[in-house]
Structures are given as structure tokens and as C-alpha cells.
Amino acid sequence: MSAHPLETGLRAGIAELGLELNDEQVAKLLSYLDWVAKWNKVYNLTALRDPQEMLTHHLLDSLAAVAPLRRQLAAMGLEKPRLLDVGSGAGLPGAVFAIVCPELDVSCVDTVAKKALFIQQIAAALRLPNLHGLHARVENLKQQWDVVSSRAFASLADFTNWSRQALAEQGVWLAMKGKHPADEIVALAPELELFHVEQLQVPGLNAERCIVWVRPKAA
944 MSAHPLETGL RAGIAELGLE LNDEQVAKLL SYLDWVAKWN KVYNLTALRD
994 PQEMLTHHLL DSLAAVAPLR RQLAAMGLEK PRLLDVGSGA GLPGAVFAIV
1044 CPELDVSCVD TVAKKALFIQ QIAAALRLPN LHGLHARVEN LKQQWDVVSS
1094 RAFASLADFT NWSRQALAEQ GVWLAMKGKH PADEIVALAP ELELFHVEQL
1144 QVPGLNAERC IVWVRPKAA
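The opening residue of the sequence shown carries number 944 in the numbering used here; numbering runs sequentially from there.
Given below as C-alpha cells:
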């Protein structure tokens, strides 16, 4: 069996990010990317079509958030942490988190039925029992999650407002952004606090990236 054309680049990026993934996880990440490319021809999951761009702009971009997420989960001390990825689309970063963090239960919610179906499809195909696709509006969800994430989804104010009831009592928001969103931070609701802005370095991507961490203020 010939090696995947993107495997070398993916492994180099993983090493640069300081992540330790086993061969099965690497294979699942590559298979996931193939699934995205396949479905993209019919369902328009992402605007990107070039495999190399999909590797850097989607896969490595999502992987850059894994170490910060793991540190946050460790600080929270949760036995079985649960994450909700809002406006997940093709599963970025939710599906990537599910592959590399098997201890994390991940739900990807999207208002577009075919995108939620895609998540369910790859969960079955890649044997990811910790990954779930939800077709819903986030503001209508009744369950609660420890971490609520998004990537290039909406303004911080809208993201936190729409998903407020989906956040567990001691939960946090993880918002993946490009440039430091100073204007969005100023517009956050007064009962919320930004407790960290974390700069990310994405291998092979010459662009600014950061994670904005937000939580409800203590009563």
C-alpha cells in the first residue's frame, strides 16, 4: 500500500506542534481529510479544494489548538470531558479533536443537515465512538458541555450569547480566531470574562491565529 501523499507533511506538522500521535491517529486524520475531499465534490463542505491547502488551513490549523485544549482540560480536572463544536461544518476542529483526544466526547452541531450527517458518517467510518453529529441550532440545545468551541464561526458576542445555555456551570468557551479580535473582545457581555488569548503557530501557514478563552464571571 503506497503512502498517503500528505502523510509526510502531516507528520512534519505534528512534530513541529510537539504532539505525540500514534500511527492509527495519523491514518485517521488522513482518512478524514480524504472523506472531506470526497464529500466536498457534492456537498460543498469547504471552499478549499487543493489538498495541500486543506492540510495546512484545516488539519494543521485545528491541530494547533490541541495542546492548548489539553492544558485547559487538565486544569479543569474533568474525568470525562465533553466538548461542543458550534458551526462545525466539515468537523473543524471538532472531528480533529475527537481523533487525537479519544478521552474527549465531542459533539459537532450545525444548522445544515448534510454537514451533521457527514460528521455521523465519518464517526462510523473512522470508528470514533466519541464523535457525534447534531443537526440543530445551538441555542435550542438542552444538554450542556464543559467546553464550547468554534472556528471562524461568528463574533465572540454572538457565539457566547447563542451557546450560553449549552455551557456547563464551570465551562469555558474556546474561540479560534485569526488576528487578535480586540473589537470583538470589547463587545463581550459584562457578565463574561476573557481569561486568556493564546497565540498559535500553524506549521506551513503564514497567517495570524489565536485562541480566545472566555468564561462566565464568578458570582
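All residues carry an ideal CB built from backbone N, CA and C; glycine is no exception.
Do residue j and residue i come within 8 Å of each other at the CB atom, strictly closer than that value?
i	j	result
Leu960	Leu1006	yes
Asp1004	Arg1158	no
Ile1042	Lys971	yes
Val1029	Ser1106	yes
Leu976	Leu1002	yes
Cys1051	Gly1076	yes
Ala1132	Thr1103	yes
Val1145	Thr999	yes
Can you tell which of the options has the C-alpha that lies nearest to the C-alpha of residue i?
i	options	result
Gly1129	Ser1106, Ala1109 and Val1155	For the record, residue 1129 in the displayed sequence is Val; it is not Gly. Comparing Cα positions, the closest option is Val1155.
Ala1066	Trp1116, Leu1148 and Trp978	Trp978
Glu1141	Asn1149, Ala1118 and Leu1131	Ala1118
Ser974	Leu1012, Gln1113, Lys1160 and Arg1070	Arg1070
Leu1048	Leu1026, Gln1064 and Leu1131	Checking the displayed sequence, the identity of residue 1048 turns out to be Asp instead of Leu. Looking at the Cα atoms, Leu1026 is the closest of the given residues.
Glu1134	Pro1124, Ala1162, Gly1147 and Ala1109	Ala1162
Asp1053	Glu1046, Ser1092 and Pro1072	Ser1092
Val969	His1139, Pro948, Gln1086 and Lys984	Pro948
Give me, in chain order, the residues of the same chain whose beta-carbon lies closer than 8 Å to that of residue i; leave out the 5 immediate sequence neighbours on both sides.
i	result
Met944	Its pLDDT being 46, under 50, Met944 is placed unreliably by the model, and the measurement read from it follows with that caveat. Excluding sequence neighbours, Met944 sits near nothing in its chain.
Lys1122	Glu1151 and Cys1153
Does any residue of chain B have a CB that is nearer than 8 Å to the CB of residue i?
i	result
Val979	Given the protein chain composition of this structure (a single chain), no chain B is represented.
Can you list, in chain order, the residues of its chain whose CB lies under 6 Å from that of residue i, leaving out five sequence neighbours each side?
i	result
Ile957	Leu964
Glu967	none
Leu953	none
Who are residue i's beta bridge partners in DSSP?
i	result
Gly1020	Answer is none; Gly1020 lacks a bridge partner.
Cys1044	DSSP, once it has assigned bridges, lists no residue as partnering Cys1044.
Near residue i, which residues of its chain fall below 7 Å by C-beta distance, leaving aside the five closest residues on each side in sequence?
i	result
Lys1120	Cys1153 and Val1155
Discussion item. Count Cβ pairs between the stretch 1096-1103 and the stretch 1071-1080 that sit closer than 8 Å; are there 3 or more?
Written reply: When Cβ pairs closer than 8 Å are counted between the two stretches, the stretch 1096-1103 is seen not to touch the stretch 1071-1080, the count staying below three.
Discussion item. With three or more beta-carbon pairs closer than 8 Å as the criterion, would you say the stretch 1085-1097 touches the stretch 1052-1065?
Written reply: Touching, no.
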